[in-house]
Each structure stands twice: as C-alpha cells, then as structure tokens.
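Trainee: The working numbering puts the sequence shown at residues 1 to 223. A virtual CB, placed ideally from N, CA and C, is assigned to each residue, including glycine.
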Amino acid sequence: MAQSLGAWSEAGNLLQEALANSEKDDSARPLLKAIAAANRLLSFEPLNEAPMPDGFPATTPAGEIQLKDYPAYRLARTKMGRTDMGAFLTLFRHIKQNDIAMTAPVEMTYPRRTDENEVIGETTMAFLYGSDVGKDTQAEEGVDIVEVAPLQVVSIGNIGRRTNSRVVWAKNRLEAWLAEVRPDLEIVGGLRVLGYNGPSVPTSKQYFEVQFEVRPSTIRGSF
C-alpha cells in the first residue's frame with residue numbers, strides 16, 4: 001500500500017518510514033500509529049464553510065501534491081498587520097459594505113525567500129469574489145481590487161492550523177517535487193496559502209493549501 005501511494009504522498013511516506021523502523025523494533029505501536037495517521041490523511045474531507053468561485057479546481061487531497069489550473073478571478077486585497085484578525089476585519093467590512101457574499105478560500109501571500117527553514121510573515125490577505133461579482137466595486141483606503149489572470153500552481157493539501165513550521169515543511173516539499181519531478185517548471189513569485197476555515201473550526205478539521213505559481217522554465221534543463 002505504501003508503494004502504491006507514490007513517493008510524494010505524505011501518507012505513503014509515513015507508512016514506508018514505519019515499515020523500515022519496524023524491522024529494527026519489534027513493537028507494533030509505531031506501525032499502528034503510522035497507519036492511523038495515514039488513514040486520517042487519506043480519508044480527510046475539507047469542511048466547506050463557503051462556496052468557491054466558479055471554475056476553481058477541487059481542493060488538493062491532504063498530504064498530496066498536484067498541478068492545478070485556476071481561471072481568471074477577482075479579489076480584494078489588504079496588507080497584513082500584526083495579526084491576521086486586523087486584515088480579516090478590513091476585508092470583511094469591505095465585502096459587507098459592498099454587499100458581496102463571502103467565498104472560500106482566503107488567500108495569504110508571502111515574500112519569496114531563499115532560506116529553506118524560514119517562511120515568516122505574510123504580506124497580504126485577500127478575499128476572492130464570486131463570478132460576475134464586484135465588477136463595479138472600487139478600491140478604498142487599505143483595500144485594493146485586483147484582477148487575477150489564469151494561472152497554474154503546484155499545490156499541497158494540509159490538515160490542521162496554519163503554523164510557520166508546517167508552511168515551511170510544505171514549501172520545501174513543493175520545491176523538492178518541482179526539482180525532481182517537474183524541472184521544466186519554474187516558480188513565479190512568492191508562496192501563497194489558501195485557507196478554507198475560520199478559527200472556530202476545530203484543529204482536526206482545519207484545512208489549507210500551500211502553493212507556488214509556476215510556468216515553463218525559461219532555462220532548459222534547469223529549475
């Protein structure tokens with residue numbers, strides 16, 4: 001089963017590591033723990049608290065890596081403050097004042113970093129508009145309206161709270177996957193995280209995606 005899940009499946013890696021360790025340890029507890037963790041990843045279904053914009057691809061399975069194509073869409077974006085809540089409230093007031101329905105996900109962007117162990121400090125937060133919504137909406141103090149062109153991303157699904165350590169793990173995983181599996185693609189800009197759940201959702205049901213926008217590499221044979 002571990003091999004059938006593929007080398008880049010988090011569930012498969014958990015099982016393979018546990019099987020390798022079981023040869024050195026007669027206790028079945030680590031293997032049973034790994035099986036439980038792998039089953040949680042494979043059976044997890046994200047909680048949809050709000051609809052996604054039309055044409056958006058389905059969420060990436062937890063622990064898996066996918067290439068995904070997004071259609072053009074519109075968003076309202078604000079700079080991050082000291083906490084997520086300040087940016088969230090700024091955007092929430094914006095959509096309420098303009099009678100725009102809440103959608104999921106919420107987008108957070110990060111600057112491009114070369115340190116593999118550091119992904120600290122979101123730069124922006126954005127609410128995504130549904131199709132044909134907000135065409136006449138104007139930018140206001142602290143909120144920019146952005147038309148996003150169609151794009152391709154490499155994405156990994158994650159369970160739990162969005163922590164810096166987990167985002168770093170996902171970032172490194174995506175970069176390694178691109179280098180080994182798709183060296184014909186290159187990263188465009190910084191990292192982005194798509195969050196699908198509010199803070200009231202239990203940690204065990206939280207879900208987010210970590211993504212890089214990608215495009216064909218301009219340097220043949222390199223990343």
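Keeping to the same chain, check which residues put their C-beta closer than 7 Å to that of P71; ignore five residues upstream and five downstream.
Mentor: Closer than 7 Å at the Cβ level, and outside the excluded window around P71, lie G55, P150.
Trainee: Buried or exposed for R29, going by 16 or more other Cβ atoms inside 10 Å?
Mentor: Classification for R29: exposed.
Trainee: Which residues in the same chain have their Cβ closer than 7 Å to the Cβ of V188, if we skip the five residues on either side of it in sequence?
Mentor: Around V188: E213, V214, R215.
Trainee: Assess, as a yes-or-no matter, whether the region 154–167 is touched by the region 60–67 under the definition of 3 or more beta carbon pairs within less than 8 Å.
Mentor: Contact holds: three or more Cβ-Cβ distances are below 8 Å.
Trainee: So, E209 versus L185, is the Cβ gap smaller than 9 Å?
Mentor: No, Cβ-Cβ distance for E209 and L185 is not below 9 Å.
Trainee: Starting from the C-beta of E122, find all residues in its chain whose C-beta is less than 7 Å away, skip the five residues before and the five after it, and write them out in chain order.
Mentor: Once the five neighbours on either side are set aside, the close Cβ partners of E122 are M80, M108, T109, Y110.
Trainee: Excluding the 5 residues preceding and the 5 following T78 in the sequence, name in chain order all residues of the same chain whose CB lies nearer than 7 Å to its CB.
Mentor: For T78, where only same-chain residues beyond five positions count, the Cβ hits under 7 Å are A87, T90, L91, T124, M125, G142, V143.
Trainee: What are the complete alpha helix (DSSP H) segments, minimum 4 residues, inside the region 131–207?
Mentor: Runs found: 164–180.
Trainee: Quick one: Cα of L191 to Cα of N197, how far?
Mentor: About 19 Å.
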